[in-house]
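To start, the structure under review is shown below, and the notes come after it.
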Amino acid sequence: MKKQWFISDLHLAIERPKTLALFEHFVTTYPQPGDRLFILGDLFDAWIGDDDDAELARRVRDTLRRASTRGVHVLIQRGNRDFLMGRRLMRECGTTLLGDCHVTNVAGQRTLLMHGDLLCTDDVDYQRARRKFRNPLFQWLMLRKPLAERRRIAADYRRRSGEMTAMKAADIMDVNDDTVTRYLLRDRVRQLIHGHTHRPATHEHRLSDGSVATRLVLPEWHAKNAVAWVDDGKTLDPLVLAPR
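In the working numbering, the protein residues as written are 725 to 968.
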């Protein structure tokens, strides 16, 4: 039986060698030929462009290429940290770039897959920044800058993002229930899987037609706490990965 695997928010960085090693081991060991691996955003702590030649970029490219060469179908969504991932990276890795919303069958149910940041509409400042970063003109201008300058910009963005997050109320950084309901009804699904919030849990949402939808929030990866969810065609269950 072919399986489907779901992970998100790995925030890979060369400064986190154990998490990187765990990712390399997981991708090249667990998914088997014919399986599908969904990475629902923030694979990288920062991605400065598909022309990045740093060690982290080389290792992740090699890992994903090895998986796709073995016959694993790797499908990737952009997150808020790696929105500059493009088709060149996908081509080099043999992977598929998904849109912000992707509907597929999971454990026998029509399911919506998202990174999750679009659901956090109470965080108005973030949504404004997101529109700026996703603007094609902004990205075109950013990618014209030298790699060294982009690295400095990314480091500064991560620093300022951490400072802003620490100042925000916790509730505005979680999903907005009305926004969740709107996406569920729009795409006619009763199951939603996403990451982004780093608040792993399973939630239920009662919809206007009386039906109940399930929302699974994927966890952030750490070297000592990494979880992949796996669909065997009938059930969707967590798999805790042992530290490397």
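Every residue, glycine too, gets a C-beta built ideally from N, C-alpha and C.
- Item | Residue ranges of each beta strand (DSSP E) within the region 914-941, 3 or longer | 915-918, 925-930, 936-941
Fully enclosed by the region 778-833, which beta strand (DSSP E) runs are 3 residues long or longer?
797-801, 825-830
Apart from the five residues just before and just after residue 770, which ones in its own chain have a Cβ nearer than 8 Å to its Cβ?
737, 805, 806, 878, 879, 881, 882
Q) residue 934: buried (16+ other C-beta within 10 angstroms of its C-beta) or exposed? A) exposed
Cβ separation of residue 899 and residue 921, assumed to be a contact under 8 Å, to the nearest whole Å: 7 Å
Inter-residue Cα distance where the pair is residue 909 and residue 756:
34 Å
*Leaving aside the five residues before and after residue 931 along the sequence, list all residues of the same chain whose C-beta is less than 7 Å from its C-beta, in chain order.*
905, 908, 909, 937
For residue 864, which three-state DSSP category applies?
-> helix
Residue 743, DSSP secondary structure in three states: helix
Residues in the same chain with beta-carbon distance under 8 Å from residue 748, minus the five sequence neighbours each way, listed in chain order, please. 783, 787
Residues in the same chain with beta-carbon distance under 6 Å from residue 780, minus the five sequence neighbours each way, listed in chain order, please.
738
Please report the distance separating the alpha-carbon of residue 927 from that of residue 953.
16 Å
message: Need the endpoints of the beta strand (DSSP E) that residue 961 sits in, please.
response: 960-965
Query raised in the report: What separation, rounded to the nearest whole angstrom, lies between the Cα atoms of residue 854 and residue 795?
Result: 34 Å
Query raised in the report: Pick from 734, 852, 745, 785: whose alpha carbon is nearest that of residue 968?
Result: 745
Bounding residues of the alpha helix (DSSP H) (the contiguous stretch that carries residue 956): Looking at the DSSP string, residue 956 is not in any alpha helix (DSSP H), and its letter there is neither H nor E.
**Prompt:** First and last residue of the alpha helix (DSSP H) that includes residue 854?
**Reply:** 848-857
- Check each candidate in 941, 776, 964 and name the one with the smallest Cα separation from residue 837. 941
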